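Report on the structure given below.
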Amino acid sequence: MAYRCRAYPDADQQQVLTRTFGCVRVVWNRTLAARHQRWHFERKGTSYAETDRELTVMKRDPALAFLSEVSSVPLQQALRHQHAAFQAFFGKRARYPRFKSRQSRQCAHYTRSAFSMRGGVLRLAKTTAPLRFVWSWPGVEVTRLDPTMVVVSRDPDGRWYVTFSIDAEAPEPAESAGHAVGIDLGVKDFAVTSGGERIANPRHLERKARNLARYQRRVARCQPWSANRAKAPAKAARAQRKVRDARRDFLHRTSTRLVRDNDVIVIEDLAVKNMIRNRKLATAISDCGWGEFRRQLEYKCGWYGRELIMIDRWYPSSKTCSACRHLLAHLSLGTRHWTCPACGARHDRDINAAKNILAAGQAVTACGADVRHSGTSRMRSAVKQELQPARAGITVLQGGE
Ligand SMILES: [Zn+2]
1468 MAYRCRAYPD
1478 ADQQQVLTRT
1488 FGCVRVVWNR
1498 TLAARHQRWH
1508 FERKGTSYAE
1518 TDRELTVMKR
1528 DPALAFLSEV
1538 SSVPLQQALR
1548 HQHAAFQAFF
1558 GKRARYPRFK
1568 SRQSRQCAHY
1578 TRSAFSMRGG
1588 VLRLAKTTAP
1598 LRFVWSWPGV
1608 EVTRLDPTMV
1618 VVSRDPDGRW
1628 YVTFSIDAEA
1638 PEPAESAGHA
1648 VGIDLGVKDF
1658 AVTSGGERIA
1668 NPRHLERKAR
1678 NLARYQRRVA
1688 RCQPWSANRA
1698 KAPAKAARAQ
1708 RKVRDARRDF
1718 LHRTSTRLVR
1728 DNDVIVIEDL
1738 AVKNMIRNRK
1748 LATAISDCGW
1758 GEFRRQLEYK
1768 CGWYGRELIM
1778 IDRWYPSSKT
1788 CSACRHLLAH
1798 LSLGTRHWTC
1808 PACGARHDRD
1818 INAAKNILAA
1828 GQAVTACGAD
1838 VRHSGTSRMR
1848 SAVKQELQPA
1858 RAGITVLQGG
1868 E
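If you use our numbering, the sequence shown corresponds to residues 1468 to 1868, in order.
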């Protein structure tokens, strides 16, 4: 579990932290380049220990002497993250790690050896004064907080944050809700459930996204080197943060409600990344935040002892009649309603799909197919063997950051 709150570093701390961000970036980018080159020319992977040794070499380089001026812990952590990022990439769970840019969000991870937290007072390595932050959880006593990791970050709009990670005891499993639900994620509606509920995409998001586009156009139109040009990126970044926060809030409320009301949740493994390559749908889908939604469902199911089942994305959930299992040969994307030629049932396209998703998930539960444990939550993968025999694997979800 993690608590994130606004931080207000003083001028000295800002300087130290900015320098630390810079060093993290240098270490990340150089290590990434070296890894890349090694793979390209020698076809060899690079282990964490090798990157660690390389860091020692970097520090001895007089041109990189500044690396020794900051705490070594965030640098080491950057190597760990990169290693994890590569493992996720080779496991086909993430895309190829990218270079870090000066313009994007900056962060530095401090483990216990590089910070102290006593009585709600946080001190970071290489700084003298405590780091000021505003605690925003009235239900949690900050003076008793014992974090295992502290992450300091700065958003492109200039706001500072500090995130406290703690090893929390797993909450009590929630009482059985007595329901199971299949969820069909869509573009027009965010989601449709097998119970017939339509969860609309929030309207205010659209409006905020329009504002964002306006700011981004404005950046492009400003006179270069003008005062307005200098201010524009921060304004765009603020608009972007508002969109992101509103979207995250919507996803949290939706995922919490679904996990609270159901013992079993079945969703389709949508391979969001593949769909995003389709430019036409790209904006709509990345706006929906399906990947984030899935991640939230997974960890919340873990917290409350619920079961999340992912069914294979090739399952023809839209084209199968949920009443008699008749499979249509063709169903165009524009068709919202259809009547089953075999049993005469009238179907709403999305609700029918959600019902099929639920049925496919329950079929797996019944025959006890491939079950894997991922963290504390249970996930199962349901693969229609006759449809996709090669894809018996399961997507292991990973927490972000
Ligand atoms: Zn039918």
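Cβ atoms here follow ideal geometry from the backbone N, Cα and C, with glycine treated the same way.
Since this is a predicted model, take the numbers as computed values, not measurements.
query                                                                                                           : result
Alpha-carbon to alpha-carbon, residue 1574 and residue 1869                                                     : The shown model of the chain, from 1468 to 1868, leaves out residue 1869, and the question about it has no answer.
Residue 1796 CB to nearest heavy atom of ligand 1 below 7 Å                                                     : no
Same chain, Cβ closer than 8 Å to residue 1825, five either side skipped, listed in chain order                 : 1647, 1648, 1649, 1661, 1733
Closer than 7 Å: residue 1804 CB and nearest ligand 1 heavy atom                                                : no
Close beta carbons around residue 1667, own chain, < 8 Å, minus the five adjacent residues each side            : 1656, 1657
Whole-Å CB distance - residue 1572 paired with residue 1541, under 8 Å assumed                                  : Rounded, the Cβ-Cβ distance is 14 Å, inconsistent with contact.
Separation of residue 1514 from residue 1545, as counted between CA atoms                                       : 14 Å
Closer than 7 Å: residue 1812 CB and nearest ligand 3 heavy atom                                                : Ligand 3 is not among the ligands present in this structure, which contains only ligand 1.
Classification of residue 1596 by the beta-carbon crowding that lies within 10 angstroms, buried from 16 upward : exposed
Residue from 1768, 1509, 1654, 1803 whose Cα sits closest to the Cα of residue 1641                             : 1768
At least three beta-carbon pairs within less than 8 Å, the stretch 1755-1764 to the stretch 1628-1636           : no
Where the alpha helix (DSSP H) containing residue 1470 begins and where it ends                                 : Segment 1469-1474 is the beta strand (DSSP E) holding residue 1470; no alpha helix (DSSP H) there.
Contacting residues, own chain, Cβ-Cβ under 7 Å from residue 1602 (five flanking each side not counted)         : 1472, 1609
Segment limits, beta strand (DSSP E) that includes residue 1409                                                 : Residue coverage of the chain in this structure runs from 1468 to 1868, which leaves residue 1409 outside it and unanswerable.
CB contact check: residue 1682 to chain C, cutoff 8 Å                                                           : Among the chains in the structure shown there is no chain C, since it carries only a single protein chain.
Any non-hydrogen atom of ligand 1 closer than 7 Å to residue 1768 Cβ                                            : no
Among 1553, 1506, 1490, 1504, nearest to residue 1530 - alpha-carbon criterion                                  : 1490
Beta-bridge partners of residue 1736, as assigned by DSSP                                                       : BP columns for residue 1736 are empty, so no partner.
Reference residue 1584, options 1614, 1607, 1576, closest by Cα                                                 : 1614
Where residue 1495 sits in the DSSP three-state scheme                                                          : helix
Distance between residue 1709 and residue 1690 (C-alpha atoms, nearest Å)                                       : 26 Å
Residue from 1729, 1665, 1621, 1790 whose Cα sits closest to the Cα of residue 1484                             : 1621
Delimiting residues of the beta strand (DSSP E) encompassing residue 1531                                       : Run containing residue 1531: none; DSSP gives neither H nor E here.
Residues sharing a beta bridge with residue 1515, DSSP                                                          : None; residue 1515 has no bridge partner.
Between the CA atoms of residue 1686 and residue 1842 - distance to the nearest angstrom                        : Confidence in residue 1842 is poor, its pLDDT being 33 and thus under 50, which makes the residue's placement too unreliable to answer from.
Close beta carbons around residue 1478, own chain, < 6 Å, minus the five adjacent residues each side            : none
Residue 1496 versus residue 1566: straight-line alpha-carbon distance, rounded                                  : 5 Å
One or two residues paired with residue 1667 in a DSSP bridge                                                   : 1656
CA-to-CA distance, residue 1486 to residue 1774, given in whole angstroms                                       : 44 Å
Beta-ladder partner(s) of residue 1824, from DSSP                                                               : Answer is none; residue 1824 lacks a bridge partner.
At least three beta-carbon pairs within less than 8 Å, the stretch 1695-1708 to the stretch 1801-1816           : no
Endpoints, the beta strand (DSSP E) within which residue 1792 is located                                        : Premise fails: residue 1792 is in no beta strand (DSSP E) and is neither H nor E.
Burial state of residue 1814 (16 or more Cβ within 10 Å)                                                        : buried
Residue 1809 CB to nearest heavy atom of ligand 1 below 7 Å                                                     : yes
Residue 1617: first and last residue of the uninterrupted alpha helix (DSSP H) it sits in                       : Careful: residue 1617 lies outside any alpha helix (DSSP H), inside the beta strand (DSSP E) at 1616-1621.
Beta-carbon proximity list for residue 1576, same chain, < 7 Å, skipping 5 on both sides                        : 1541, 1544, 1616, 1618
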